[in-house]
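Number of protein chains: 2
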Amino acid sequence: MIVLRKPYLLYLGSATAPTDAKTGFGLRDWCGTDVLGEWSYTDATVRLGLPRLSPAEAAAQGAGSIVIGVAPVGGVLPDTWLADLETALKSGLDVVSGLHTRLTSFPRLVAAAQAHGVRLIDVRHCVQHSQCATGARRSGKRLLTVGTDCALGKKYTALALTRALKDKGLPASFRATGQTGILIAGEGIPMDTQVADFIAGAAEALTPDNDPLHWDVIEGQGSLFHPAYAAVTLGLLHGSQPDAIVLCHDPSRRCLEGYPQVLIPPLAEVIALYLATGKLTNAKIRCIGISINSSSLDEPTWRQYQSQLHSELGLAVCDPMRGGVDALVTAVRAL
Amino acid sequence: MIVLRKPYLLYLGSATAPTDAKTGFGLRDWCGTDVLGEWSYTDATVRLGLPRLSPAEAAAQGAGSIVIGVAPVGGVLPDTWLADLETALKSGLDVVSGLHTRLTSFPRLVAAAQAHGVRLIDVRHCVQHSQCATGARRSGKRLLTVGTDCALGKKYTALALTRALKDKGLPASFRATGQTGILIAGEGIPMDTQVADFIAGAAEALTPDNDPLHWDVIEGQGSLFHPAYAAVTLGLLHGSQPDAIVLCHDPSRRCLEGYPQVLIPPLAEVIALYLATGKLTNAKIRCIGISINSSSLDEPTWRQYQSQLHSELGLAVCDPMRGGVDALVTAVRAL
Chain A
1 MIVLRKPYLL
11 YLGSATAPTD
21 AKTGFGLRDW
31 CGTDVLGEWS
41 YTDATVRLGL
51 PRLSPAEAAA
61 QGAGSIVIGV
71 APVGGVLPDT
81 WLADLETALK
91 SGLDVVSGLH
101 TRLTSFPRLV
111 AAAQAHGVRL
121 IDVRHCVQHS
131 QCATGARRSG
141 KRLLTVGTDC
151 ALGKKYTALA
161 LTRALKDKGL
171 PASFRATGQT
181 GILIAGEGIP
191 MDTQVADFIA
201 GAAEALTPDN
211 DPLHWDVIEG
221 QGSLFHPAYA
231 AVTLGLLHGS
241 QPDAIVLCHD
251 PSRRCLEGYP
261 QVLIPPLAEV
271 IALYLATGKL
281 TNAKIRCIGI
291 SINSSSLDEP
301 TWRQYQSQLH
311 SELGLAVCDP
321 MRGGVDALVT
331 AVRAL
Chain B
1001 MIVLRKPYLL
1011 YLGSATAPTD
1021 AKTGFGLRDW
1031 CGTDVLGEWS
1041 YTDATVRLGL
1051 PRLSPAEAAA
1061 QGAGSIVIGV
1071 APVGGVLPDT
1081 WLADLETALK
1091 SGLDVVSGLH
1101 TRLTSFPRLV
1111 AAAQAHGVRL
1121 IDVRHCVQHS
1131 QCATGARRSG
1141 KRLLTVGTDC
1151 ALGKKYTALA
1161 LTRALKDKGL
1171 PASFRATGQT
1181 GILIAGEGIP
1191 MDTQVADFIA
1201 GAAEALTPDN
1211 DPLHWDVIEG
1221 QGSLFHPAYA
1231 AVTLGLLHGS
1241 QPDAIVLCHD
1251 PSRRCLEGYP
1261 QVLIPPLAEV
1271 IALYLATGKL
1281 TNAKIRCIGI
1291 SINSSSLDEP
1301 TWRQYQSQLH
1311 SELGLAVCDP
1321 MRGGVDALVT
1331 AVRAL
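Structure below.
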């Protein structure tokens, strides 16, 4: 399990386009109370609207980590940022990155971290050896977001649902399984870097025994219909032992992104396979709703699609970005 | 891909019980033409019936590797063996091990390997970063052995079937996915040590384009019904893109070994889930037969079980250890 030290100072490097600072905006929006401020190199033009704090100022206010909230152009960390990160380490902050480039590949950062007793955390590269799954049932309730494909709203749906459950007074925790999710939650296990034998075991470790009425809302990964990543999805499904799944889908996709030969089956068939495989570790697994990324549909088309899908499948259908997830909360409560 | 240097000298250490030298016997039986001889410490009493050769003698006859064919009591490599292995390295042989203890954890072996330009190969610990699966179809035919559980004959069935296909003049290759299989084949990819995102990709790399009539017979791993290892099984299934599967089963097992709460479903249901998931990367996947480990059944019971299963499922049913795999060869030819 990766455990980060909150609160954060967000670092935006030399960001000049808001899309480059997607992670920064995501952290501001989803864990704003854990973010003290923002910092960037002098050439940055993007701002998150947070107090501008130097690493030393943030450390003085209790910050535990500086988190890189921007993707550098070309994927390479410029030297100018390295100086800022070194300053952060000297101020007593951990440096946390979800980039492909490893922080630990820069000797000056490694040396500074060692000298000041702080950590370099490459969230994307934490290969950890977990235990094998036991398959034993655990107390508490679990919900897993699953998908017809990658990158269509599984994390967003889980975050929105966790927030909505808490707003209604239900005890719930977002459980992070990918880089950005881990930055938001401050802890989690990156499923895609687990060693094959330990995927399900990692999912068990991520969602331990809990209060009987508590909901773990688990960020899904990949898709059972993905030629490359289905293994990760199945291990996460088995280890999570979900009582409920929510299927995430984008109706503008006919095939898997990057795999034109792989058509997405009818949603009823998709749900059936998730339930047929998921029942191995939780016989009571059921699908409680559909979360749609409807950004490609205009309002009347979305209304029609939503209503048609609801009649077809007899399930709650929502778009977290368009009307929220109240229908899913109602379905969770009905369980 | 792990590629070993054949031919082998087999090392039996201090083996006094034949069961401890299981790997040695397996290599003698399944790749005998690649084995020059055997060697052991003076206190060993187990013999494989091969020429007794010192590492220097084996090297002089062209050996490429000394392979540890025995499991040490307590799992720890005794110092006495280390001296023998060091001698082998000095003779120019790679040292190959499938044990949990890493060869590379012994500084004297690391130093000797480096000094003599040879390799220490820990087959069980080769974590390799493969590519992500493309899902693209490849030329040639593929057969994967799958199971209701672990450790009930998937490797043995694949080896026996490969041998039988070759005996009948059909071009075939055994494709190894586990430690012992890799030692036998001299190459392969250990699926259980792959990083999660690359399991299917590793299976694709293991079974590349081939002649249209050539059969890759792929050693299965785990089981789609295993709470801990199903992810490995699914990734291997997707990446292998098998035209045919053979289901391996042991009728004495009612539940998964070590998982008393997980009952093995009826075989028809098992086959259905393998086909439902396998069709993602090969729409023509079919089950062509059942391989039974019938060691728990007496002769009349086995005959009755075999005939009943055959009528029930309409598939070839055999036990490779009890009558061979000719029925599977016939089924492969019929495809």
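Chains as they are written, first to last, in the working numbering: chain A, 1 to 335; chain B, 1001 to 1335.
All C-beta atoms in this analysis are idealised placements derived from N, C-alpha and C, irrespective of residue type, glycine included.
Here the structure is a predicted model, which means the values were calculated and not measured.
For the stretch 266 to 285 of chain A, list every residue whose C-beta sits within 8 Å of some C-beta in chain B, in sequence order.
273, 276, 277, 280 and 281
DSSP beta-bridge partners for residue 226 (chain A)?
Answer is none; residue 226 (chain A) lacks a bridge partner.
Classify residue 189 (chain A) as helix, strand or coil using the three-state DSSP reduction.
coil
Run through chain B and tell me which residues come within less than 7 Å of residue 194 (chain A), C-beta to C-beta.
1196
Within 10 Å of its beta-carbon, does residue 147 (chain A) have 16 or more other beta-carbons around it, so buried, or fewer, so exposed?
buried
Minimum C-alpha distance to residue 334 (chain A) - residue among A:243, A:137, A:178 and A:46:
A:243
Take the Cβ of residue 154 (chain A) as the centre, count every other Cβ of all protein chains shown within 10 Å, and call the residue buried at 16 or more, exposed below.
buried
Contact between the stretch 1299 to 1310 of chain B and the stretch 1149 to 1165 of chain B: three or more CB pairs below 8 Å?
no
According to DSSP, is residue 1315 (chain B) helix, strand or coil?
coil
Nearest to residue 1252 (chain B) (by Cα), restricted to the options B:1305, B:1020 and B:1157
B:1305
Could you run through the stretch 1144 to 1170 of chain B and flag, in chain order, every residue whose CB is less than 8 Å away from some CB of chain A?
none
Residues of chain B with CB under 7 Å from residue 41 (chain A), in chain order?
Result: empty, since nearest Cβ-Cβ is about 32 Å, beyond 7 Å.
Once the 5 residues before and after residue 1190 (chain B) are set aside, which same chain residues still bring their CB inside 8 Å of it?
1002, 1123, 1124, 1126, 1177, 1178, 1179 and 1182
Touching by the beta-carbon criterion (3+ pairs, under 8 Å), the stretch 224 to 232 of chain A and the stretch 1275 to 1282 of chain B
yes
Flag this pair as touching only if the stretch 129 to 143 of chain A and the stretch 195 to 203 of chain A have three or more C-beta atom pairs under 8 Å; answer yes or no.
yes
Close beta carbons around residue 325 (chain A), own chain, < 6 Å, minus the five adjacent residues each side
160, 161, 164 and 318
Answer yes or no: does any C-beta atom of chain A fall closer than 9 Å to that of residue 1174 (chain B)?
no
When the cut-off is 9 Å and only beta carbons count, does residue 1008 (chain B) lie next to chain A?
no
Chain A partners of residue 1132 (chain B), CB-CB under 7 Å?
228
Determine the burial state of residue 1223 (chain B): buried for a count of at least 16 other Cβ atoms within 10 Å of its Cβ, exposed for fewer.
buried
My output table needs one value for residue 204 (chain A): the three-state DSSP class, helix, strand or coil.
helix
Return no unless some Cβ of chain B is closer than 9 Å to the Cβ of residue 234 (chain A).
yes
Could you name the residues of the stretch 238 to 252 of chain A whose beta carbon sits closer than 7 Å to any beta carbon of chain B, in the order they occur along the chain?
238
With distances taken Cα to Cα, identify the nearest neighbour of residue 1105 (chain B) among B:1121, B:1117 and B:1135.
B:1121
Taking C-beta pairs closer than 8 Å, name the residues in chain A that residue 1095 (chain B) reaches, listed in chain order.
In chain order: nothing, as chain A lies at least about 24 Å away.
So, does the CB of residue 206 (chain A) fall closer than 9 Å to a CB anywhere in chain B?
no
Using the DSSP secondary-structure output, state which residues sit across from residue 287 (chain A) in a beta bridge.
A:245
Mind listing the chain A neighbours of residue 1261 (chain B)? Cutoff is C-beta to C-beta under 9 Å, in chain order.
135, 136 and 137
Would residue 1099 (chain B) count as contacting chain A if we go by Cβ distances under 9 Å?
no
Report the neighbours of residue 1201 (chain B) on chain A: residues whose CB is nearer than 7 Å to its CB, in chain order.
228
Could you give the DSSP three-state label for residue 41 (chain A): helix, strand or coil?
coil
Enclosing beta strand (DSSP E) for residue 261 (chain A) [first to last residue]
259 to 263
Would you say residue 1 (chain A) faces chain B, with C-beta separation under 9 Å as the test?
no
Since residue 1143 (chain B) is in the beta strand (DSSP E), which residue starts that stretch and which ends it?
1141 to 1147
Can you give the Cα-Cα distance for residue 1008 (chain B) and residue 1035 (chain B), rounded to whole angstroms?
5 Å
Excluding five sequence neighbours on each side, which residues of the same chain lie with their C-beta closer than 6 Å to the C-beta of residue 214 (chain A)?
140 and 171
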